[in-house]
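Chains as they are written, first to last, in this note's numbering: chain A, 1 to 205; chain B, 1001 to 1205.
Number of protein chains: 2
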Amino acid sequence: MRQLASPKTLQSKETSHRILTQAMRIFLEKGYHGTSIDDITQAAGVTKGALYWHFKSKEELLKKIVEEFERRFLDGLIQAVKDVRGDIHDKFGKYFRYNAAFSYYNRELCVSFTTLAAELVGAHHGTEPQFRRIYKKYQTFLSRLIRQGKKEKIFKKEIDPDLAALIIIAFHDGILIRWFMNQNEIDGEAYVQTFRKIMLKGLMV
Amino acid sequence: MRQLASPKTLQSKETSHRILTQAMRIFLEKGYHGTSIDDITQAAGVTKGALYWHFKSKEELLKKIVEEFERRFLDGLIQAVKDVRGDIHDKFGKYFRYNAAFSYYNRELCVSFTTLAAELVGAHHGTEPQFRRIYKKYQTFLSRLIRQGKKEKIFKKEIDPDLAALIIIAFHDGILIRWFMNQNEIDGEAYVQTFRKIMLKGLMV
DNA sequence: TCATATATACTGACTGTTTAGTATGTAAAA
DNA sequence: TTTTACATACTAAACAGTCAGTATATATGA
Chain A
1 MRQLASPKTL
11 QSKETSHRIL
21 TQAMRIFLEK
31 GYHGTSIDDI
41 TQAAGVTKGA
51 LYWHFKSKEE
61 LLKKIVEEFE
71 RRFLDGLIQA
81 VKDVRGDIHD
91 KFGKYFRYNA
101 AFSYYNRELC
111 VSFTTLAAEL
121 VGAHHGTEPQ
131 FRRIYKKYQT
141 FLSRLIRQGK
151 KEKIFKKEID
161 PDLAALIIIA
171 FHDGILIRWF
181 MNQNEIDGEA
191 YVQTFRKIML
201 KGLMV
Chain B
1001 MRQLASPKTL
1011 QSKETSHRIL
1021 TQAMRIFLEK
1031 GYHGTSIDDI
1041 TQAAGVTKGA
1051 LYWHFKSKEE
1061 LLKKIVEEFE
1071 RRFLDGLIQA
1081 VKDVRGDIHD
1091 KFGKYFRYNA
1101 AFSYYNRELC
1111 VSFTTLAAEL
1121 VGAHHGTEPQ
1131 FRRIYKKYQT
1141 FLSRLIRQGK
1151 KEKIFKKEID
1161 PDLAALIIIA
1171 FHDGILIRWF
1181 MNQNEIDGEA
1191 YVQTFRKIML
1201 KGLMV
């Protein structure tokens, strides 16, 4: 009788972590439907039995990745910005710095979340509600931030916060995807700086 | 012996067009690897024989879509902007108007190109060079436009044209993907206006 | 402390299904 | 009567997931 593993030994914990890491890498490379279970087991150096001992399905692997993104990136971001004492300048500054640093050190997690969302949202996949919930949470967070920025007369008064939040998320997604596609050509530092400048001050003089 | 179809009759032309249209729709919905040939034939109301009479493989279907995007959207855009007599203001205005109108009337083509690129670029897929070539062409076009804008002192002098072009493309992609994901909630008109304003003038006062 | 028992952490062959693509048949048009 | 434009029936490979069995770690009792 199958029972879901609650890992005890170090060895076992390391195995399941290796599987998850490789899954993330290959999902990013080939997409969810383009990745086979055998691709993952091969890369992780385990057999199918091991994978299905730790995870009950391919979908569960995906869910774990999505959960990790929500917990580590989004919840971390919200908390970090909340902790800032200061005006909206400081908070937006923190937003950019957190974002850039986290994406830099967790590139695979961030980009795979984004591309997997692009692949699976709208596809009637089981994880769609989870993706949508996370995007909604992100939008709500940004929307509040922008509202505050308008109150403090730092952001333009004619901007609709919900819409602007959506657009910032769109920018964020696009930036990540392009970063992945052109990884060899992009100087990350300059990329983020330019992104930030355009978003806050625009292209025009 | 199989020979590639060069459609003659109206009937046949309509069939292949129906197959391609449905392929685009379902690729967009489920992704390339998530879509089966049977999904497409069912939706198009034909059998496998018909599909493989008109197209030699699943990959060819994809290539046709990518070609159509390049020819109709990108080449059309470049030509339209080239035809503008006026300064960079007028050219960028044309860029936005063309972009918005084309995306609006060819939503499936634009969004499916973008999401398929996100799924397949980096996946060692046969169409990768084609995708890359098109993105490169788009970047070169925008980069020239920005350079001109800098000469005319309309864009900020400290902006790197190649990098800014990449970022505009990133914005463009992100905007399309988000439009697809939140199609029911978004007022297209306001969305495009806000996008344009943020990109040109920024969020800040 | 050493045998016994039991839960954990796998192995790798196997299953049924789905997949892209093919081979063959056929009706209608040219 | 030959070519076009399909339909039908098929194949081989790939797929996600299962299962019987096994090795290893840990807990328990003599």
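All residues carry an ideal CB built from backbone N, CA and C; glycine is no exception.
Quantities reported herein were computed from a predicted structural model and do not represent experimental measurements.
Item to check | Proximity winner among A/Ser103, A/Leu166, A/Val121 and A/His124, relative to A/Leu142 (alpha-carbon distances) | outcome: A/Leu166
From the DSSP output, in three-state form, read off A/Phe155 for me.
strand
**Message:** Distance check for B/Ala1044 and A/Tyr191, CA to CA, integer angstroms please.
**Reply:** 43 Å
Among A/Asn182, A/Gly126, A/Glu67 and A/Phe27, whose alpha-carbon lies nearest the alpha-carbon of B/Pro1129? A/Asn182
For this session: Measuring only between beta-carbons, confirm whether B/Phe1180 sits less than 8 Å from chain A.
Result: yes
Opening and closing residue of the alpha helix (DSSP H) in which B/Ile1088 lies: Ile1088 to Tyr1105
Note to self: For a contact defined as C-beta to C-beta under 8 Å, what are the partners of B/Thr1115 on chain A?
What the structure shows: Ala118 and Glu119
**Asked** Since B/Gly1122 contacts A/Glu185 with CB under 8 Å, what's their CB separation in whole angstroms?
**Response** Actually they are not in contact, since the Cβ atoms of B/Gly1122 and A/Glu185 sit about 13 Å apart, beyond 8 Å.
Notebook entry, point to check: Hey, is the stretch 1019–1037 of chain B in contact with the stretch 1108–1115 of chain B, meaning 3+ C-beta pairs nearer than 8 Å?
Noted result: yes
**Closer than 8 Å to chain B by CB, A/Lys189** = Lys is not the amino acid found at residue 189 of chain A; the sequence shown has Glu there. A/Glu189 does not count as touching chain B.
* **Distance CB(B/Gly1202)-CB(A/Met199) smaller than 8 Å** => yes
Checklist line | Cα-Cα separation, B/Ile1078 to A/Lys13 | finding: 54 Å
Assumed close pair A/Ile88, A/Gly149 - CB separation to whole angstroms, cut-off 8 Å | 4 Å
Start and end of the alpha helix (DSSP H) containing B/Ser1036?
Counting along the chain, B/Ser1036 falls outside any alpha helix (DSSP H), and DSSP gives it neither H nor E.
Note to self: Can you list, in chain order, the residues of its chain with a C-beta nearer than 7 Å to that of A/Leu51? Leave out the 5 residues immediately preceding and following it.
What the structure shows: Ile19, Ile37, Ile40 and Thr41
ask   = B/Thr1194 touches chain A at which residues, Cβ-Cβ below 8 Å?
value = Ile159, Asp160, Leu163, Ala164 and Ile167
Classification of B/Asp1173 by the beta-carbon crowding that lies within 10 angstroms, buried from 16 upward:
buried
Can you pull the chain B neighbours of A/Val205, defined as C-beta to C-beta under 9 Å? Lys1153, Ile1154, Phe1155, Lys1156 and Lys1157
Practice prompt. Flag this pair as touching only if the stretch 94–109 of chain A and the stretch 69–76 of chain A have three or more C-beta atom pairs under 8 Å; answer yes or no.
Written response: yes
Note to self: the ligand GDP and B/Phe1171: does the residue's C-beta get closer than 7 Å to at least one heavy atom of that ligand?
What the structure shows: No copy of the ligand GDP occurs in the structure displayed, which carries no ligand at all.
| Which parts of the stretch 1104–1174 of chain B are runs of the alpha helix (DSSP H), unbroken and 4 residues or longer, counting only runs that do not cross its ends? | 1107–1120 and 1128–1151
Give the single residue among B/Gly1076, B/Thr1047 and B/Trp1053 whose Cα lies nearest to the Cα of B/Lys1137. B/Gly1076
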